[in-house]
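**Q**
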Amino acid sequence: MSHPIRDYFLQVEDLRQAAKCRYRLADILLIGLCTYLSNGHDYEDMVLFAQTHARQLDELVDLPSVPSHDTLVLMRDA
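When you number the sequence shown by the UniProt record's numbering, it's gap-free, plus one each residue, and the end is 78.
#1: Using DSSP with H/G/I as helix, E/B as strand and the rest coil, what is residue 44?
#2: Are the Cβ atoms of residue 73 and residue 43 separated by less than 9 Å?
#3: Looking at residue 10 and residue 24, is the spacing between their C-beta atoms short of 9 Å?
#4: Suppose you measure from the CA of residue 56 to the CA of residue 69; what does that come to, to the nearest Å?
#5: Tell me which residue opens and which closes the alpha helix (DSSP H) that residue 26 is part of.
#6: My assumption, with CB atoms under 8 Å, is that residue 61 sits in contact with residue 30. Please give the rounded CB distance.
#7: Looking at the unbroken alpha helix (DSSP H) that takes in residue 73, where does it start and where does it end?
So, in structure tokens, the structure goes:
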């Protein structure tokens with residue numbers, strides 16, 4: 001499941017405690033980029049984008065489920 005954009009985001013250092021992380025930072029960043037390019041503006045738009053495009057995203061990211069708005073806020077604050 002290699003893709004140049006995802007590979008780029010995998011290079012970003014994730015400073016969170018790995019054992020407590022359900023979602024990869026690279027996957028969330030990719031969803032954020034796709035949301036932004038689709039004229040999304042906030043975390044609710046990211047969730048909506050991920051839900052709406054779950055099938056297509058499944059080819060690019062390895063998510064156990066679509067992260068919630070609260071999860072995205074917690075990741076931002078980590």
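By construction, the Cβ of each residue, glycine as well, lies at the ideal position given by its N, Cα and C atoms. Note that this is a predicted model, so its numbers are computed, not measured.
**A** By the coordinates alone:
#1: For the purposes of this step, residue 44 is identified with residue 44 of the sequence shown, where counting begins at 1. Of the three classes helix, strand and coil, the one that applies to residue 44 here is helix, per DSSP.
#2: Here residue 73 corresponds to residue number 73 of the sequence shown, with the count starting at 1. Here residue 43 corresponds to residue number 43 of the sequence shown, with the count starting at 1. Yes, the pair counts as a contact, with Cβ atoms nearer than the cut-off.
#3: Position 24 of the sequence shown holds residue 24. Position 10 of the sequence shown holds residue 10. Yes, Cβ-Cβ distance for residue 24 and residue 10 is below 9 Å.
#4: Walking along the sequence shown from the start, residue 56 turns up at place 56. Walking along the sequence shown from the start, residue 69 turns up at place 69. If I take the Cα positions, the gap works out to 20 Å.
#5: As a first step, residue 26 is located in the sequence shown; it is residue number 26 there, counting from the start. Looking at the DSSP string, the run of the alpha helix (DSSP H) that includes residue 26 is 25-37.
#6: Translated into positions along the sequence shown, residue 61 becomes position 61. Translated into positions along the sequence shown, residue 30 becomes position 30. Contact holds; Cβ gap of about 6 Å.
#7: By 1-based counting over the sequence shown, the position of residue 73 is 73. Here the alpha helix (DSSP H) through residue 73 covers 69-77.
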